[in-house]
Each structure stands twice: as structure tokens, then as C-alpha cells.
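K.L.:
A single structure is presented below for examination.
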């Protein structure tokens, strides 16, 4: 399976890009070219050169180092937000599917519709208004938004599985709905979940950047790509490198994850694969 | 169709009630006393108590919820804690920036996505298809506020084709539309990319259906069959996405407003958050959610108009 994935160019390119950014985030714990809080006003707004690869910002901080540490924030927020969506959404979706047509199913699905009416930004606005802005609140907001995504997906996937013979066999063997859901249904929808997880991961990175840009995400001094862009806004006309590099980091990461997600979907879905050939 | 519409209306009403409950009680769990917050730490207890009575904060939570909701229904959004001005007045001018921006972006997104998606599907596997697939992949990955910053610097500051920001008001609709064009375009781009991809794959699905072969066998040209038979059948998934996109466009509009310094709901809500002007946050979020739920409702009705089968199923 892994070999087959790497035979797809989209997956390989996406994987390499994702690997670079995850690597940069991990390395930043041990080493960055310069300390990210190393204010050096004398060296402010330098363009990219041999000493500061991506240049310096208005406080003379090294942008390359800030992007490395910023990757940490983006990846952490997106991963935990996907985790919240999976841990809460999948069981809800499985429960709804196992009791299809009952009040429980209706209740869960209408609850999902309700959350769908709140874009992640509005959830973030509500949470921030109550608790103040922070990276944790951004995680919660994006995570809540992910719940209905995974609930719908797993309900849809589970519904078609419940009619299959092997589920019937498990019921005849005396297994209850919960056991069947986790032992027979869940393993069969993992492919769907992995593909969606990759896509929600990339959406999470975009959402974190947007929230930090408007000041609802990670707060100083934690470096974040979105806030770097917000800081650069007034200076971008004479120091374009301030906006260029953090923006490119976001685009590349999201692009890489999307390429991986698309390739995985083709791989897991034989019908699509046949169509493409 | 009437019963279908009625059923949808009931579910619209229920969604609104549920949303208002969620918003109100999220805001209510806030720590601290709004009255004390407004008057500052030096205020006497008597003054704080008087203000609490004036704002209705001394009443029970349910009673406050009821008066908030019944106010909303009558267009009374309460009075801003910070500015002591009715929220409805504050919102009025700003809604007519954010909503038109989102609608404008929705129209642009559709206008861009439809031809691109159709061309890609009709010429599947050609270089045009590859260009569309590559371009849309990039379009989805670019954060629109970053793209907006680049566009402002390029098109507004360097070439001066557009204004770099601000909004002159609706006195001259043409100038107003011009100042919203760049923001709307930037806002539309990622959504147009998604929509074009959905359009392409929906068309490809219908193109392989039997009725398409029948249409060709009956002498329809490729183009005729595509326009008259495939397009209509591909509309259901496309409409779903358009409906979903509105909520993203509305939320996106709030962010894009910051790049272009547009006096919309965005700047108002972010100021209100820093000033802890909760009544403003509460009411504006409710207004935005209302818009999203209303658009979902309209999309549902459009579905039924496009696909008669759905009317009966509901």
C-alpha cells in the first residue's frame, strides 16, 4: 500500500513538502539559525541574503527562524483540531448510523446542521469574546468546526456497511451495535477518515493563519505565519519579503497536504483509479 | 412543492431558535460583570448596581434570553455597552458593506467556476483540463488574505487600477462596486477553484450516463447534449457547494475587510471583542448565522425546483 502511494507523483511531492515542514517544526525545538525573540533593531528590514536567508522583520528578527517556529504553531493547531473532530465526530456518526432513523440519529444530524451554520471564524469570535484570544481557543474553534465534518462522513460510510453480509454475520454472532460499530464498521471507513483527515489538516492550517491574521489566534510572542502576515501588512510595499515567505510557507504546506489527500483518495477508491486511466 | 416549502420553513425556524440559544448561552458563561466592565474599577457599587438594573442584568437568565430574542425579532438589537448607541444603528451601515461583498464574491465565483469547470470536463485529459486542475489546486491552497495583500500592492499601489482600500458608500453605486471588486475577486478565488472542481467532476459523472448516449444517438451534437442534458443533471452537487460556500464567503468577507480597510461588520466585531462589548458580538454573530441559515434554506428550495424527485422525498 505504501509503495503504491509513493508510485503516485502527487503523493510523493506532497509527502516531501509535508516532510520538510514537519521536519522544520521539529528541528526548531533544538535549533534555529537565530533566536526567534532576538530583537536586533540595527538589523531591521534586511532583504534576504547569506546571513539572514529570508531577511529580517521590522524588529530585526530572522524570518527564516520565525517560519520554522511558526510551522510548530500551524501544525500543532491543525493536528489537535483534526483530533477533536475525529474523537468526537466519528463516534457520533457511528452512533447515528447504527440507530438510523431513530430520534438519536435525527438529533445528531440536526446538531451537525446547526454547527455547520457557524463557520469556524464565528465560533472563534464567540469563544474569543468569552475567553480572550489564544492558540488554544483557535484549536477549539477549528476543532468544533471539524466535528460535523467527520460525523457526516462516518455516518455516510457506516450506513452502506450496515447492509453488508459481514455485519449481518456479526449480528447473528450476537455482537451488539457498539461492538459492531467499532470492530467491523470503523476499520472499513479508516480510508475515508484518512483522506478527510488530510484535507481537514490543510484546511486547519489555512484557518489558523486566518484567525491569527485577524488577531484571534496565537498571541505574541508565539510566532505564527498568520500573525507574521498581519505584522507585514503596513510594510509590504517597501519590504515585500516580509509577506512573501510566510505566505509561501502556508501555500506550500496546504498544497502538499492537498496533493497527498487527493492521491490517497484515488488510491483507496478503485473506481476513481480506473476512471483516471 | 407547498408542503416541501412549509417543512423547510419549520426547520428554518428551529435552526434559528437553536442558533440563538447557542450564541446567547456561550456569551452568558463569560466571567465577570458587564456593568462593572463598562464603568471601570473605580465605580461605586451603587453605580454598578444601577447600571445592572438599566441593562436588565439583574433579571434571570431565561428572562434576559427572552427579551434579547423578542428584541431581535422586532429589529431591536439592544444598546452597545461601549458606545451607548442602539446596535441596530451601528450595524445598519456596515451590513451593506459585508453582505454585498459576500454576494458579489458568490456571483464572481460562479461566473469564474462554471465556464472553467465545463471546459475542463468537455476537454478531459487535454492541456486545458490540466491547466484547470493545476490552477484550482493552487487556488485552494492560497490564503485569500495573503493573495489580497499581494493584489493591493500590485494592482492598487503599483498600477493604480483599483483603490487600495476604504469604501466611499453607496451614493454612487458604480464607484461603490468598483471599490468592492478587488476584495470580492480575492474572496471568490478559492471558492471558485473548489466550485470549478466540483463542476468538472459532476459533469464527468453525468457524461458517462446512459441518457447522454441516448441524446447523442438521437442526433444531439456533443455541445448540445452537454448544455441541455448534462449541465442540468450536474447542478445538484454544484448547488450544494454554492450553498455551503456562502457561509465561508461571509466569514471570509470579515477577514478580507481587514486587508482593504472596509468599514464592514468585521472591523466592528473585532473592536467589540477587544472592548468586550458583548451585546454587539452577540447580535452581529446572530445576524451572520441568520444569513447563513437563510441561504441554506434558499438553496434547499432551489434544489426542489431543479430536481422534482426531491420534492416528494421530503
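Protein chains in written order, with our numbering: chain U, 86 to 362; chain C, 260 to 573. C-beta: ideal position from N, C-alpha, C; glycine also. Computed from a predicted structure; not experimentally measured.
1. Would residue 286 of chain U count as contacting chain C if we go by Cβ distances under 8 Å?
2. Is residue 405 of chain C close to chain U? Criterion is C-beta to C-beta, closer than 8 Å.
3. Pull out every residue of the region 247–276 of chain U whose Cβ sits closer than 8 Å to any Cβ of chain C, in chain order.
4. DSSP state of residue 361 of chain U, grouped into three classes?
5. Sort C:405, C:430, C:403 and C:439 by Cα distance to residue 420 of chain C and report the nearest one.
6. Around the Cβ of residue 280 of chain C, are there at least 16 other Cβ atoms within 10 angstroms (buried) or fewer (exposed)?
7. In three-state DSSP terms, what is residue 338 of chain C?
8. Is there a C-beta anywhere in chain C that falls below 8 Å from the one on residue 339 of chain U?
9. Thinking C-beta only, is residue 310 of chain U closer than 8 Å to residue 334 of chain U?
10. Following the continuous alpha helix (DSSP H) through residue 126 of chain U, name the residue where it begins and the one where it ends.
11. Out of C:506, C:417, C:558 and C:476, which one is the CA nearest neighbour of residue 322 of chain U?
12. For chain U, check one thing: does any of its Cβ atoms lie closer than 8 Å to the Cβ of residue 285 of chain C?
13. For a cutoff of 8 Å on Cβ pairs, would you count residue 540 of chain C as touching chain U?
14. 8 Å is my cut-off, CB to CB: does residue 203 of chain U come that close to chain C?
15. In three-state DSSP terms, what is residue 141 of chain U?
16. Going by DSSP, name the residue or residues bridged to residue 147 of chain U.
17. Helix or strand or just coil, what does DSSP make of residue 573 of chain C?
18. I'd like the span of the alpha helix (DSSP H) that includes residue 235 of chain U, first residue to last.
19. What in chain C is Cβ-close to residue 321 of chain U, meaning under 7 Å?
20. Does the contact criterion of 3 or more C-beta pairs under 8 Å hold for the region 166–173 of chain U versus the region 302–319 of chain U?
21. Output needed in chain order: residues of the region 503–523 of chain C with a Cβ under 9 Å from some Cβ in chain U.
22. Would you be able to state if there are at least three C-beta pairs under 8 Å between the region 333–349 of chain C and the region 533–543 of chain C?
23. According to the Cβ coordinates, are residue 330 of chain U and residue 152 of chain U closer than 8 Å?
24. Considering only the alpha carbon of each residue, which of U:149, U:162, U:228 and U:112 lies closest to residue 205 of chain U?
25. Terminal residues of the continuous alpha helix (DSSP H) containing residue 262 of chain C?
26. Closer than 9 Å by beta-carbon distance: list the chain U residues that pair up with residue 648 of chain C, in chain order.
27. Could you compute how far the alpha carbon of residue 307 of chain U sits from the alpha carbon of residue 148 of chain U?
28. Whole angstroms is fine: what's the gap from residue 554 of chain C's alpha carbon to residue 502 of chain C's?
29. If you run the structure through DSSP and keep just helix, strand and coil, what is residue 103 of chain U?
30. Using 10 angstroms around the beta-carbon of residue 487 of chain C, count the other beta-carbons present and answer buried if the total reaches 16, otherwise exposed.
31. Does any CB atom of chain U fall closer than 8 Å to the CB of residue 282 of chain C?
32. Does DSSP classify residue 118 of chain U as helix, strand or coil?
33. Are the beta-carbon atoms of residue 380 of chain C and residue 446 of chain C separated by less than 8 Å?
34. Per the DSSP calculation, residue 345 of chain C is bridged to which residue(s)?
P.N.:
With the given structure in hand:
1. As a first step, residue 286 of chain U is located in the first chain; it is residue number 201 there, counting from the start. Residue 286 of chain U does not count as touching chain C.
2. Your numbering for residue 405 of chain C matches position 146 in the second chain. Yes, residue 405 of chain C lies at the interface with chain U (some Cβ there is under 8 Å from its Cβ).
3. none
4. What you label residue 361 of chain U is simply residue 276 of the first chain in a count that begins at 1. Only weak support exists for where residue 361 of chain U lies, its pLDDT of 44 falling under 50; the value from the coordinates is given anyway. Reduced to three states, the DSSP call for residue 361 of chain U is helix.
5. Residue numbering aside, residue 420 of chain C sits at position 161 when the second chain is read from its first letter. Residue 420 of chain C has its Cα closest to that of C:439, out of C:405, C:430, C:403 and C:439.
6. Taking the second chain and counting its residues from 1, the one referred to as residue 280 of chain C is at position 21. By the 10 Å Cβ count, residue 280 of chain C comes out exposed.
7. In the second chain, residue 338 of chain C corresponds to position 79, counting from 1. Looking at residue 338 of chain C - three-state DSSP - the assignment turns out to be strand.
8. In the first chain, the residue the question calls residue 339 of chain U occupies position 254. By this cut-off, residue 339 of chain U is an interface position.
9. Mapped onto the first chain, residue 334 of chain U falls at position 249. Mapped onto the first chain, residue 310 of chain U falls at position 225. Yes, the Cβ-Cβ distance between residue 334 of chain U and residue 310 of chain U is below 8 Å.
10. Along the first chain, read from residue 1 onward, the residue named residue 126 of chain U stands at position 41. Unbroken run through residue 126 of chain U: none, as it is neither H nor E.
11. Numbered from 1 along the first chain, position 237 holds the residue referred to as residue 322 of chain U. Nearest of C:506, C:417, C:558 and C:476 to residue 322 of chain U, Cα basis: C:417.
12. The residue labelled residue 285 of chain C in the question sits at position 26 within the second chain. Taking Cβ atoms only, chain U reaches closer than 8 Å to residue 285 of chain C, which makes this a yes.
13. If you number the second chain from 1, residue 540 of chain C lands on position 281. By this cut-off, residue 540 of chain C is an interface position.
14. Counted from its first residue, the first chain places residue 203 of chain U at position 118. Residue 203 of chain U counts as touching chain C.
15. Within the first chain, numbered from 1, the residue matching residue 141 of chain U stands at position 56. Three-state result, residue 141 of chain U: strand.
16. In the first chain, residue 147 of chain U corresponds to position 62, counting from 1. Looking at the DSSP assignment, residue 147 of chain U forms a beta bridge with U:141.
17. Sequence index remark: in the second chain, residue 573 of chain C carries index 314 (1-based). Interpretation of residue 573 of chain C is limited by its pLDDT of 46, a score under 50 that renders its predicted location unreliable; the figure taken from the coordinates is listed afterwards. Three-state result, residue 573 of chain C: coil.
18. Indexing the first chain from 1 puts residue 235 of chain U at position 150. Per DSSP, residue 235 of chain U belongs to the alpha helix (DSSP H) from 220–247.
19. Counting from 1 along the first chain, the entry for residue 321 of chain U is found at position 236. Residues of chain C passing the Cβ test: 408 and 412.
20. no
21. 503, 506, 507, 509, 510, 511, 513, 514, 517 and 518
22. yes
23. The residue you call residue 330 of chain U lines up with position 245 of the first chain. The residue you call residue 152 of chain U lines up with position 67 of the first chain. Cβ atoms of residue 330 of chain U and residue 152 of chain U: closer than 8 Å.
24. By one-based count along the first chain, residue 205 of chain U stands at place 120. Of U:149, U:162, U:228 and U:112, the residue nearest in Cα terms is U:228.
25. Here residue 262 of chain C corresponds to residue number 3 of the second chain, with the count starting at 1. Segment 261–287, the alpha helix (DSSP H) holding residue 262 of chain C.
26. This structure leaves residue 648 of chain C out entirely; chain C is present only between 260 and 573.
27. Numbered from its first residue, the first chain carries residue 307 of chain U at position 222. Numbered from its first residue, the first chain carries residue 148 of chain U at position 63. Going from the Cα of residue 307 of chain U to the Cα of residue 148 of chain U covers about 13 Å.
28. Along the second chain, read from residue 1 onward, the residue named residue 554 of chain C stands at position 295. Along the second chain, read from residue 1 onward, the residue named residue 502 of chain C stands at position 243. Each residue's alpha carbon lies about 6 Å from the other.
29. Start at 1 with the first residue of the first chain, and residue 103 of chain U comes out as number 18. In the structure shown, residue 103 of chain U sits in a helix (DSSP, three-state: H, G or I).
30. Residue mapping note: residue 487 of chain C aligns to position 228 of the second chain, counting from 1. With fewer than 16 Cβ atoms within 10 Å of its Cβ, residue 487 of chain C is classed as exposed.
31. In the second chain, the residue the question calls residue 282 of chain C occupies position 23. With 8 Å as the cut-off, residue 282 of chain C counts as an interface residue toward chain U.
32. As a position in the first chain, residue 118 of chain U is number 33, starting the count at 1. Coil at residue 118 of chain U, not helix or strand.
33. Taking the first residue of the second chain as 1, we reach residue 380 of chain C at position 121. Taking the first residue of the second chain as 1, we reach residue 446 of chain C at position 187. Contact flag unset, no.
34. Here residue 345 of chain C is taken as the residue at index 86 of the second chain, counted from 1. Answer by DSSP bridge pairing, in chain order: C:338.
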